[in-house]
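Student: Sequential numbering from 19 applies to the sequence shown in our numbering.
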Amino acid sequence: MNNRTHRREPKSTYINVAPLVEVMLVLIIIFMITVPVLNVGVPVDLPKTKAATLNDTKTPPVVISIDKDSKLYIEEAEISLDDLIKKLPTILENSKSDTIYVRGDKNLQYGEVLQIMGIISSSGACKVSLISEADTNLQKISKRRSK
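1. Check the C-beta distance from residue 137 over to residue 84 and give it rounded, since I have them as a contact under 8 Å.
2. One question on the structure: do residue 88 and residue 130 come within less than 8 Å of each other, judged by their Cβ atoms?
3. Based on the DSSP output, what are the partners of residue 108 in its beta bridges?
4. Might you give, ordered along the chain, the residues of its own chain that have their beta carbon closer than 6 Å to the beta carbon of residue 141, omitting 5 neighbours on each side?
5. If I follow the unbroken beta strand (DSSP E) through residue 83, where does it start and stop?
6. Is the Cβ-Cβ distance between residue 79 and residue 118 less than 8 Å?
7. For the candidate residues 27, 150, 47 and 82, whose alpha-carbon lies nearest to that of residue 124?
8. CB-CB under 7 Å to residue 33, same chain, minus the five flanking residues each way: which ones, in chain order?
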């Protein structure tokens with residue numbers, strides 16, 4: 019027999035992070051797929067323009083939507099015009115952003131959207147911006163002309 023003393027190697031005290039990394043990668047993939055799909059929940063057919071996009075992503079702004087039936091929404095919650103007038107100063111105080119985005123359906127009359135923007139401005143909002151969709155046809159035409 020061998021008279022050497024058999025030494026046992028100590029058990030590893032390191033944490034195996036491979037399962038944690040795999041779970042985190044799966045979660046990242048899920049978020050990467052679902053976040054672009056998420057949008058403000060009110061279906062509004064926005065007008066198309068070739069205006070430059072805004073890259074102001076410091077704090078999320080308050081979004082007020084007006085659908086084709088002239089119904090008002092703050093984010094996804096429907097609100098009446100009188101309630102908007104009453105609650106807007108409180109919303110502006112509690113919001114981290116000084117910007118309000120207005121999403122108006124393209125079939126609305128110009129005056130209706132301006133009326134809402136006037137109410138927003140008079141309630142103390144610093145910046146009121148209109149949201150539109152980028153018109154890919156206009157971009158293609160302008161690229162052809164610049165060649």
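Glycine residues also receive a C-beta, built at the ideal position from the N, C-alpha and C atoms.
Tutor: Walking through what the data contain:
1. Along the sequence shown, read from residue 1 onward, the residue named residue 137 stands at position 119. Along the sequence shown, read from residue 1 onward, the residue named residue 84 stands at position 66. Contact flag wrong, Cβ pair sits at about 11 Å.
2. Stepping through the sequence shown from its first residue, residue 88 is reached at position 70. Stepping through the sequence shown from its first residue, residue 130 is reached at position 112. A distance below 8 Å separates the beta carbons of residue 88 and residue 130.
3. On the sequence shown, residue 108 is found 90 positions in, with the first residue counted as 1. Residue 108 is not bridged to any residue.
4. Within the sequence shown, numbered from 1, the residue matching residue 141 stands at position 123. Excluding sequence neighbours, residue 141 sits near 106 and 107.
5. Locating residue 83 in the sequence shown gives position 65, counting from the first residue. Run containing residue 83: 80–84, per the beta strand (DSSP E) assignment.
6. As a working note, residue 79 is residue 61 in the sequence shown. As a working note, residue 118 is residue 100 in the sequence shown. A contact, by the Cβ cut-off of 8 Å.
7. The residue labelled residue 124 in the question sits at position 106 within the sequence shown. The shortest C-alpha separation from residue 124 is found at 150.
8. For the purposes of this step, residue 33 is taken as residue 15 along the sequence shown, with counting starting at 1. Within the same chain, and ignoring the five residues on either side of residue 33 in sequence, no residue has its Cβ closer than 7 Å to its Cβ.
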